[in-house]
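Numbering follows UniProt numbering, in which position 122 of the sequence shown is assigned residue number 122; successive positions increment by one, without gaps. Below is one structure, written out as structure tokens, with a few remarks after it.
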Amino acid sequence: MFLPIHFDGVGNVARRRVRRAGLSLVLGLALLAGCDRRPETGRERLARWEYGESLAAVTKLRPCRGVPAPAPEWPPHDLRIFSLQAPPEYRYEKQQGTDSFVGGFDAPGRALHFDYGMYSGALQEWRTEADFRACRVSIGGHPVRIVTARSSRGGYMAGAAWREIGPDGQKGLTISGTSDSPAGQREMLAIFRSVRLTRPGRPR
């Protein structure tokens, strides 16, 4: 469409022509970008959800099947920010974190590590391990990302990630562990099922 230009000097006419040419170039590039964009496939969408950090990404994962429940006789561990149950042979190991609350539990042939803070990850780095699986389960009313894999060194891996928790909704809790047997891996999944987020307090 031709836009009339009121002549008020050669310089102004030239500047308006340059602006009009620049606008045409921008519109043309936008149209080309739109033509190159294709709809996202279901497989790509699933991969993005499984890789994602957000709570919305967790809710889009397929539901987990067969996540075992903790044994009622397992003793509880109250860490103030959250609590869990674990078999008696698990020993709590306090660790020093830089900007988060970290620690672990050790047992023969098994080791767990937890990280609560703003930069707690969702175990995306496990995607390169063998037998990688990601699903979601509700634990204590919270959607949780559950991840299992087989370590390149032969161990059995299990992890759980809570997203957008804490008083400000900007914290995450990640618990991950390795075992020397499939039975130990299932045991760790049962420990994850026992986790309950509590009122914010001073970590133990």
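Note that the Cβ used here is the ideal one computed from N, Cα and C, for glycine as well.
- Assignment of W162 by DSSP, reduced to helix, strand and coil, places it in the strand class.
- In the displayed model, I139 falls within a strand according to three-state DSSP.
- The three-state secondary structure of P63, taken from DSSP, is strand.
- Here T148 is buried, its C-beta having at least 16 other C-beta atoms within 10 Å.
- Rounded to whole angstroms, the separation of the alpha carbons of R186 and R153 is 19 Å.
- Here F105 is near Y90, since their CB atoms are less than 8 Å apart.
- Taken through DSSP and simplified to helix, strand or coil, I146 comes out as strand.
- Under DSSP, A130 takes part in a beta bridge, and its partners are R150.
- A straight line joining the alpha-carbon of R145 with that of D180 spans about 22 Å.
- Rounded to the nearest angstrom, the gap between the Cα atoms of E164 and T198 is 14 Å.
- Non-local beta-carbon contacts of T128 in its own chain, meaning distances under 6 Å to residues more than five positions away in sequence, are absent.
- Contact between the segment 63 to 79 and the segment 168 to 184 is absent: fewer than three C-beta pairs spanning the two stretches fall below 8 Å.
- Within the same chain, S83 and G140 come within 6 Å of R196 by CB-CB distance, once the 5 residues on both sides are set aside.
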